[in-house]
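Novice: In my numbering, the protein residues as written are 155 to 586. Glycine is no exception: its CB is placed at the ideal position from the N, C-alpha and C atoms.
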Ligand code: SDX
């Protein structure tokens, strides 16, 4: 087949240059501009990566116009309906759904890595009791580097695999420890006879004094929500993990960088921000005034949980979470579902408003997730930590893909410089 080319021409009479065009299996073609600077002495300018593909990947595909999300080709709706979180984790990491034997082996291996080094307990004590769980996660996951730094050869496939098992297995333990530390309760050691999600809930809500009774409704809802958050191609935190990983940093440090990036309210921190926003609005009658403030961009007011860089349609995950939300509230017989009523009224008003329609702003994954978490008894400050727990699977799969990629180079963007040009030093007594 004839190579497709893009020709770049200049208005200043410089000769035009050709660049190869690459096609993926699906989705928009990309123009390979890697030789642009060598050929023209110019860079591209793309703050926020509006039009830049930073890598090749075969993990997750999003069609933002159609509202489609596929992990390794499988629609998110099918995976959320039929799989356990660890099955999806296996799929994201390895490219195929596990057969029975592979599934059992994977569950066993993950469960063998659930405990953290006992010295970690001392590490926790360094945090204030009221430290935000995301601050604790950044610190403690980064600190895993101190325990495993010497045992990791990132160029060895087996080493990378073990790092993946460790991270996937230990994140629930560390997340639950962050919660327990916050609430002043003793840490619960993992119980490997339980499933991944059951074990997490046990470590979160169990105490040494009483038997923790699993509720299958809560387990299934949690399983589904973790699946929905497991990966999302080159979002901000994943790109952070890849950028850190491109320097050869160890994976625990890279995932810690990803957690820091996820924390922001424009990204994973939005689930916590949505609940705060709903609390602030308080009542359906206050929605029009809030929407007015958002449209006037009054004091940076934003409709949290709305809008997405890629989705210009309903985020398919939001649809599933909204459904899960109704199921959970009904099954748990939550009488006061004021929050869901408020969220649905807010969604309806926004979706009919010209401001949101013209900007193609729809609910994203974070709009309803907090309401489900709240119904499941998860405190608001833990919401983003749960996102991090689930996304660790995606981050580590993307990190593995990066390290195994022969085209991988250290990430090093350039800039359009606007500052002072050369000037000479002036002694302090001569400065104006
Ligand atoms: C996640 O990338 C991923 O895949 C992320 C994620 C994942 O799984 O990893 O999906 C998870 O991060 C979901 C997003 C969570 N964030 C929020 O819910 C916060 C609220 N949303 C916005 O901050 C915003 O929509 C972003 C950050 C999500 C997307 O930002 P973009 O693509 O840079 O869009 P933009 O800021 O340039 O917005 C375009 C216009 C602007 O108006 P104008 O300047 O043209 O007048 O839309 C407006 C924005 O002001 N706008 C909003 C809005 N989002 C965008 N106005 C009001 N409320 C909003 N939520």
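Rounding to the nearest angstrom, what Cα-Cα distance links residue 273 and residue 423 in this structure?
Specialist: On the chain shown, residue 273 is found 119 positions in, with the first residue counted as 1. On the chain shown, residue 423 is found 269 positions in, with the first residue counted as 1. Cα to Cα, the separation comes out at about 29 Å.
Novice: Using a 10 Å radius around the Cβ and a threshold of 16 neighbouring Cβ atoms, would you call residue 380 buried or exposed?
Specialist: If you number the chain shown from 1, residue 380 lands on position 226. The residue is buried, with at least 16 neighbouring Cβ atoms inside 10 Å.
Novice: I believe residue 460 touches residue 504 by the beta-carbon criterion, under 8 Å. Please report the beta-carbon distance rounded to the nearest angstrom.
Specialist: Taking the first residue of the chain shown as position 1, residue 460 is located at position 306. Taking the first residue of the chain shown as position 1, residue 504 is located at position 350. That belief holds up - the Cβ atoms of residue 460 and residue 504 are roughly 6 Å apart, short of 8 Å.
Novice: Against chain B, does residue 464 count as a neighbour if the rule is that its beta carbon must be under 8 Å from one of theirs?
Specialist: Absent from the structure: chain B. Only one protein chain is present.
Novice: Taking its Cβ as the centre, do 16 or more other Cβ atoms sit within 10 Å of residue 198, making it buried, or is it exposed?
Specialist: To locate residue 198, count along the chain shown from 1; it is residue 44. Residue 198 comes out exposed.
Novice: Is residue 527 near residue 537, with beta carbons less than 8 Å apart?
Specialist: Position 373 of the chain shown holds residue 527. Position 383 of the chain shown holds residue 537. In this structure, residue 537 lies closer than 8 Å to residue 527 by Cβ.
Novice: Whole angstroms is fine: what's the gap from residue 407's alpha carbon to residue 311's?
Specialist: Reading the chain shown from its first residue, position 253 is the one you call residue 407. Reading the chain shown from its first residue, position 157 is the one you call residue 311. Spanning the two alpha carbons is a distance of roughly 18 Å.
Novice: Just to confirm my understanding: we take residue 299, look at its own chain, exclude 5 residues before and 5 after, and list those with CB closer than 7 Å. What are they?
Specialist: The sequence position of residue 299 within the chain shown is 145, counting from 1. 404, 406 and 407.
Novice: With respect to 7 Å, is the separation between the Cβ of residue 202 and the closest non-hydrogen atom of ligand 1 below this value?
Specialist: Position 48 of the chain shown, counted from the first residue, corresponds to residue 202. It does: the Cβ of residue 202 is within 7 Å (strictly closer) of some heavy atom of ligand 1.
Novice: Can you tell me whether DSSP reads residue 260 as helix, strand or coil?
Specialist: Within the chain shown, residue 260 is the residue found at index 106, counting from 1. Correct three-state label for residue 260: helix.
Novice: Start and end of the alpha helix (DSSP H) containing residue 520?
Specialist: Position 366 of the chain shown holds residue 520. Where residue 520 is concerned, the enclosing alpha helix (DSSP H) stretches over 520-529.
Novice: Taking DSSP as the reference, what is the three-state secondary structure of residue 583?
Specialist: The sequence position of residue 583 within the chain shown is 429, counting from 1. In this structure, residue 583 counts as helix in the three-state DSSP scheme.
Novice: Return the chain-ordered list of same chain residues with a C-beta closer than 7 Å to the C-beta of residue 410, the five sequence neighbours on each side being excluded.
Specialist: In the chain shown, counting from the first residue as 1, residue 410 sits at position 256. So the list reads 292, 295 and 296, once near-sequence residues are dropped.
Novice: Taking 7 Å as the cut-off, does the CB of residue 520 come closer than this to any heavy atom belonging to ligand 1?
Specialist: The sequence position of residue 520 within the chain shown is 366, counting from 1. Under cutoff, so the answer is yes.
Novice: Please report the residue range of the beta strand (DSSP E) in which residue 179 lies.
Specialist: On the chain shown, residue 179 is found 25 positions in, with the first residue counted as 1. No beta strand (DSSP E) contains residue 179, which DSSP labels as neither H nor E.
Novice: Let me check you understand the geometry: is the CB of residue 513 closer than 7 Å to at least one non-hydrogen atom of ligand 1?
Specialist: Locating residue 513 in the chain shown gives position 359, counting from the first residue. True, at least one ligand heavy atom lies under 7 Å from that Cβ.
Novice: According to DSSP, simplified to helix, strand and coil, what is residue 215?
Specialist: In the chain shown, residue 215 corresponds to position 61, counting from 1. Correct three-state label for residue 215: strand.
Novice: What does DSSP give as the partner residue(s) for residue 159 in the beta ladder?
Specialist: Taking the chain shown and counting its residues from 1, the one referred to as residue 159 is at position 5. DSSP, once it has assigned bridges, lists 174 as partnering residue 159.
Novice: Does any heavy atom of ligand 1 sit closer than 7 Å to the C-beta of residue 396?
Specialist: As a position in the chain shown, residue 396 is number 242, starting the count at 1. Outside the cutoff, so no.
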